[in-house]
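Quick note, this note's numbering runs 1272 ahead of the 1-based positions in the sequence shown. Heads up, the thing below is written out as structure tokens.
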Amino acid sequence: MWIKRLAKSMLGPKYWDNLRLWFYRNNLNDGKMQDIARVILGPKCWIELRAWFYRNNLTTLAFLYGTDKAGGHSYTQHYERHFAYLRKRHFNLLEIGVGGGEYTGKGGNSLRMWKKYFPKANIFSIDCFDKSALQESRITIYQGSQNDTKFLNSIASKIGRVDVIIDDGSHINEHVLTSFSVLFPHLTDGGMYVIEDTHTAYDERFGGSEKSNATDTSMALVKSLLDALNWEEFVKTSPPEIGRDIVSVCCYHNLVFIRKGQNEEGGHNHRKHKIYSETEGVKKI
Ligand SMILES: C[S@@+](CC[C@H](N)C(=O)[O-])C[C@H]1O[C@@H](n2cnc3c(N)ncnc32)[C@H](O)[C@@H]1O
């Protein structure tokens, strides 16, 4: 068990054996050992200590910090697949939606999870409520609406380089579309834009619709991006311009990953012999 490994490496073999003897003499099992450590360290330190041991495992981190990206949803498995290569890199991540409702000191669970999983990244977030109390080193939070174009532009220029954007905000379709149209142009080449909870695309309470030809929903946007991805194949009509900047659209249940990059492999009849690498973008061969 991890707490045993920690205690053993900290104490060294001699003191470790003495400690074990003392525990057995006093009839203390593993569970009691954990309880004692939890009381001594306090709840916050206890979580941080456990999180450090599981820092490579996004799903366990999600459970430890209490974000519904695992458990409530099954998103962390997909995040790990797409983001594992970023783990040790310096980059900027912006998440829309801090969590914790209107309460100033509540929320920030996913921000702390990202901070632990990406030890060199700067984590930025926006929320319509004041969440400044949750700021800490490498976590910066701004107050404002994801539906406010001016606010989003000002945040993007404050952050400078934005490599990953995650929309986990209101999930109102109009807001999702506004945020994407404003923030996607600010995303770096090779960056990733993620939209969570796309079930609201079908939910009228969020401005969604179950009609397959619905417009102005997050999934309508995603479907249009799939066409845009093949912009070089449009010969009779003008191609969707955004397609030049999108190299992949990856959809999972209620979760979409949109990779920004130079998309010019060449149309079907005009191959330019370029290849695309997930981590390095488009390369000539
Ligand atoms: C689902 S919670 C975020 C959860 C958090 N990302 C996590 O995984 O722990 C959604 C957040 O979006 C915020 N929100 C709602 N409407 C918003 C808006 N128009 N602009 C910015 N944030 C908004 C809410 O205050 C709430 O904190």
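Backbone N, C-alpha and C fix where the C-beta goes; we use that ideal spot for every residue, glycine too.
With respect to the alpha helix (DSSP H) encompassing S1451, which residues constitute its N-terminal and C-terminal limits? From DSSP, the alpha helix (DSSP H) with S1451 extends over 1445-1455.
Could you check whether L1336 and A1323 sit closer than 7 Å to each other, using their CB atoms as the reference points? Yes, Cβ-Cβ distance for A1323 and L1336 is below 7 Å.
Using 8 Å as the Cβ pair cut-off and three pairs as the minimum, do the stretch 1399-1406 and the stretch 1424-1437 touch? no
Can you tell me the Cα-Cα spacing of G1371 and N1381, whole angstroms? 7 Å
I1467 beta carbon less than 7 Å from that of D1439: yes
Going by beta carbon distance, what residues of the same chain come within less than 6 Å of T1348, once the five residues before and after it are set aside? Only residues of its own chain outside the window of five on either side were considered, and among them L1330, T1331, A1334, K1341, A1342 have a CB closer than 6 Å to the CB of T1348, listed in chain order.
Please report the residue range of the beta strand (DSSP E) in which C1523 lies. In the DSSP assignment, C1523 falls within the beta strand (DSSP E) that extends over 1518-1524.
Report yes if the C-beta of G1441 is less than 6 Å from at least one heavy atom of ligand 1; otherwise report no. yes
Heavy atom of ligand 1 less than 6 Å from the Cβ of F1401, yes or no? yes
S1442, DSSP secondary structure in three states: coil
Cβ-heavy atom distance between N1526 and ligand 1 below 6 Å? no
Classify D1289 as buried or exposed, calling it buried when 16 or more other Cβ atoms lie within 10 Å of its own Cβ. exposed
Which whole-angstrom value is the C-beta distance of N1248 and A1473, which I expect to be below 8 Å? This structure cannot settle anything about residue 1248, because the visible part of the chain is limited to 1273 through 1557.
Assuming V1507 is part of the alpha helix (DSSP H), what are its boundary residues? Run containing V1507: none; DSSP gives neither H nor E here.
Please check the pair Q1418 and H1458, which I expect to be a contact at CB under 8 Å, by giving their CB distance rounded to whole angstroms. 13 Å between Cβ atoms; not a contact.
Quickly, what does DSSP pair G1553 with across the bridge? List them, please. S1549
Nearest-angstrom Cα separation, counted from R1359 out to R1327: Whole-angstrom Cα-Cα distance: 10 Å.
Where does E1367 fall in DSSP's three states? It is a strand residue.
Coil, strand or helix - L1300 by DSSP: coil
Assuming contact is defined by CB atoms lying nearer than 7 Å, are V1521 and L1493 in contact in what I supplied? no
L1293: buried (16+ other C-beta within 10 angstroms of its C-beta) or exposed? exposed
Exposed or buried, I1312, counting other C-beta atoms within 10 Å across all chains shown (16 or more means buried)? exposed
Do you know offhand how far Y1296's Cα is from A1309's? 16 Å
Completely contained beta strand (DSSP E) runs for the stretch 1347-1423, where each covers 3 or more residues: 1364-1368, 1394-1399, 1411-1415
With Y1337 as the anchor, note down where its alpha helix (DSSP H) starts and where it stops. 1330-1337
Of all the options H1525, Y1524, G1533, which has the alpha carbon lying nearest to the alpha carbon of I1514? G1533
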